[in-house]
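First the structure, in the form of structure tokens, and then the observations on it.
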Amino acid sequence: MDAAGEFLPFHSGRIVVIPGGRPHAFRVDFAPEALTARGVLARISECFASNDTPILSLHVTGRPGEPFWAFIACEPPDSKAVERIRECLAKTPYVKGVEHSPPVIEGVAVDAWGFPPLLGGIRAVIFREPVLREFLLYGWRHMGTGFGYILYHTFFDSGAAMHREFYSRLARRREDQARLLEHVFRLTGYGVLEVAEFTDWRFAARVYDSVECKHLGEIEEAESMMIRGLLAGFVAASWGVGREGVEPRETKCIKRGDPYCEFVITRRV
Numbered sequence: 344m345d346a347a348g349e350f351l352p353f354h355s356g357r358i359v360v361i362p363g364g365r366p367h368a369f370r371v372d373f374a375p376e377a378l379t380a381r382g383v384l385a386r387i388s389e390c391f392a393s394n395d396t397p398i399l400s401l402h403v404t405g406r407p408g409e410p411f412w413a414f415i416a417c418e419p420p421d422s423k424a425v426e427r428i429r430e431c432l433a434k435t436p437y438v439k440g441v442e443h444s445p446p447v448i449e450g451v452a453v454d455a456w457g458f459p460p461l462l463g464g465i466r467a468v469i470f471r472e473p474v475l476r477e478f479l480l481y482g483w484r485h486m487g488t489g490f491g492y493i494l495y496h497t498f499f500d501s502g503a504a505m506h507r508e509f510y511s512r513l514a515r516r517r518e519d520q521a522r523l524l525e526h527v528f529r530l531t532g533y534g535v536l537e538v539a540e541f542t543d544w545r546f547a548a549r550v551y552d553s554v555e556c557k558h559l560g561e562i563e564e565a566e567s568m569m570i571r572g573l574l575a576g577f578v579a580a581s582w583g584v585g586r587e588g589v590e591p592r593e594t595k596c597i598k599r600g601d602p603y604c605e606f607v608i609t610r611r612v
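Following the working numbering, the numbering of the sequence shown begins with 344 at its first residue and continues without gaps.
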């Protein structure tokens, strides 16, 4: 089993689909003190359990200085249970307010309150893999290597900005930044990243199940430029250099039949 097989898929969209069912959604607003209080979610869960209602999805959002709230999707047995749950939630300690949203269509409940999605405190845009696939294929087919340069430089700037604005603020040690990068890279869907080496002069990493390279096989001149740029920007910012200060290479690629993509970035003297 490769590294990609060690993880479990998860649903990032706040949409719950129960074919033939009647899923509902609740928004629960908490007082700031709830962020560090004990037993709050246990009390919340009891409101649903005591009304014979399973919780289908639970997302808690917030950090110091931001709104602290929860999106909860469930399937209550009837409208009376919905009202009892609402009343129970409103009486729970640290809860400031409760809102309810019925199914938007049969069998579907959605988060009717959340916007915008955030990644590292910055607005994010989520789109499905087929959109990225068509974007990559169209660009390489019609623009060739020029499209690759656009990808590289765009994602280089993105990787550098993420290092400055996110990774370096949460972790000072290079080793900790690398571990954080591995997790964020995986959770945002690029692939499964393993950083093997990260020194003052050299960075080496493997990417399993690359969302970029898996779609480039039919285009001969295409190569990883999006992920290469992202990693190069991150590394360059860590070293305090610009584009000309790094030399990134993809030494292995699933497009060529390798089990993973391998990126080696060296520092130019």
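All C-beta atoms in this analysis are idealised placements derived from N, C-alpha and C, irrespective of residue type, glycine included.
Helix, strand or coil: which one does DSSP assign to residue i?
{"i": "residue 431", "result": "helix"}
{"i": "residue 334", "result": "Since the first residue of the chain shown is 344 and the last is 612, residue 334 is not available in this structure."}
{"i": "residue 567", "result": "coil"}
{"i": "residue 456", "result": "coil"}
{"i": "residue 425", "result": "helix"}
{"i": "residue 581", "result": "helix"}
{"i": "residue 481", "result": "helix"}
{"i": "residue 436", "result": "coil"}
{"i": "residue 490", "result": "helix"}
{"i": "residue 351", "result": "coil"}
{"i": "residue 602", "result": "coil"}
When you measure from the CB of residue i to every non-hydrogen atom of the ligand SAM, does any distance come out below 8 Å?
{"i": "residue 518", "result": "You won't find the ligand SAM in this model; it holds no ligand whatsoever."}
Provide the residue(s) that pair with residue i in DSSP beta bridges, ordered along the chain.
{"i": "residue 592", "result": "607"}
{"i": "residue 442", "result": "370"}
{"i": "residue 471", "result": "Partner(s): none; residue 471 has no beta bridge."}
{"i": "residue 386", "result": "Note: residue 386 sits in no beta bridge, so no partner."}
{"i": "residue 461", "result": "466"}
{"i": "residue 597", "result": "DSSP, once it has assigned bridges, lists no residue as partnering residue 597."}
{"i": "residue 400", "result": "416"}
{"i": "residue 451", "result": "360 and 448"}
When the Cα of residue i is compared with those of the options, which residue comes out closest?
{"i": "residue 457", "options": "478, 422 and 403", "result": "403"}
{"i": "residue 375", "options": "413, 542 and 447", "result": "413"}
{"i": "residue 533", "options": "552, 547, 608 and 521", "result": "552"}
{"i": "residue 547", "options": "557, 531, 555 and 518", "result": "518"}
{"i": "residue 609", "options": "362, 430, 513 and 584", "result": "584"}
{"i": "residue 472", "options": "555, 454 and 495", "result": "555"}
{"i": "residue 362", "options": "435, 393 and 447", "result": "447"}
{"i": "residue 541", "options": "523, 526, 578 and 528", "result": "578"}
{"i": "residue 592", "options": "604, 582 and 599", "result": "604"}
{"i": "residue 428", "options": "462, 367, 373 and 525", "result": "367"}
{"i": "residue 417", "options": "423, 400, 410 and 431", "result": "400"}
{"i": "residue 356", "options": "377, 373 and 451", "result": "451"}
{"i": "residue 385", "options": "360, 410, 436 and 423", "result": "436"}
Just mark residue i as buried or exposed, buried being the case when its beta carbon has 16 or more other beta carbons within 10 Å.
{"i": "residue 566", "result": "buried"}
{"i": "residue 571", "result": "buried"}
{"i": "residue 465", "result": "exposed"}
{"i": "residue 483", "result": "buried"}
{"i": "residue 438", "result": "buried"}
{"i": "residue 580", "result": "buried"}
{"i": "residue 382", "result": "exposed"}
{"i": "residue 611", "result": "exposed"}
{"i": "residue 344", "result": "Interpretation of residue 344 is limited by its pLDDT of 40, a score under 50 that renders its predicted location unreliable; the figure taken from the coordinates is listed afterwards. Burial call: exposed."}
{"i": "residue 602", "result": "exposed"}
{"i": "residue 506", "result": "buried"}
{"i": "residue 531", "result": "exposed"}
{"i": "residue 354", "result": "exposed"}
{"i": "residue 469", "result": "exposed"}
{"i": "residue 502", "result": "buried"}
{"i": "residue 529", "result": "buried"}
{"i": "residue 575", "result": "buried"}
{"i": "residue 407", "result": "exposed"}
{"i": "residue 559", "result": "buried"}
Any beta carbon from chain C within less than 9 Å of residue i's own beta carbon?
{"i": "residue 535", "result": "Chain labels in this structure do not include chain C; a single protein chain is all it has."}
Length-filtered (3 minimum) beta strand (DSSP E) runs lying within the segment 493–565: 535–541 and 545–551
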